[in-house]
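Asks: Here it is, the structure, as structure tokens.
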Amino acid sequence: MIFFSINEAVLVVAGVLLISGVVMGNLAFRSGLGVKRWTLIGLILGPVGYPLFNTHKRFAMKRAAGKRASTIRL
């Protein structure tokens, strides 16, 4: 079993949060959503914010398309 010291554990958690913030900011940019908002959410929540991002993206797409509209995704 591998044990980490407290310093190593904090470094790993900070790294995961930082990477998550960068990835969610990039995804928000590619989706046309607020980059700063989703980067901050990625930095705070980490990977837990990804399902929230997908839900928000889906609702934004539905809102932009309007009612009774169909979309084709490639």
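First residue of the sequence shown: -16, per the numbering used here; consecutive thereafter. For every residue, glycine included, the Cβ atom is placed at its ideal position computed from N, Cα and C. Please read these numbers as outputs of a predicted model, since none were measured by experiment.
1) Can you look up GLY15 in the DSSP assignment and give me helix, strand or coil?
2) Compare the Cα-Cα distances from LEU1 to each of ILE24, ILE55, ALA48 and report the closest residue.
3) Mark ALA11 as exposed unless 16 or more other C-beta atoms lie within 10 angstroms of its C-beta, in which case mark it buried.
4) Can you find the residues in the same chain that come closer than 6 angstroms, C-beta to C-beta, to VAL18, ignoring five residues on each side of it along the sequence?
5) What first and last residue would you give for the alpha helix (DSSP H) that runs through LYS50?
Replies: The answer reads as follows:
1) For the purposes of this step, residue 15 is taken as the residue at position 32 of the sequence shown. It is coil, neither helix nor strand.
2) Counting from 1 along the sequence shown, the entry for residue 1 is found at position 18. Nearest option by C-alpha distance: ILE24.
3) For the purposes of this step, residue 11 is identified with residue 28 of the sequence shown, where counting begins at 1. Buried.
4) Looking up residue 18 in the sequence shown gives position 35. Within the same chain, VAL18 has close Cβ partners GLY8, ALA11, PHE12.
5) Locating residue 50 in the sequence shown gives position 67, where the first residue counts as 1. Careful: LYS50 lies outside any alpha helix (DSSP H) and carries neither H nor E.
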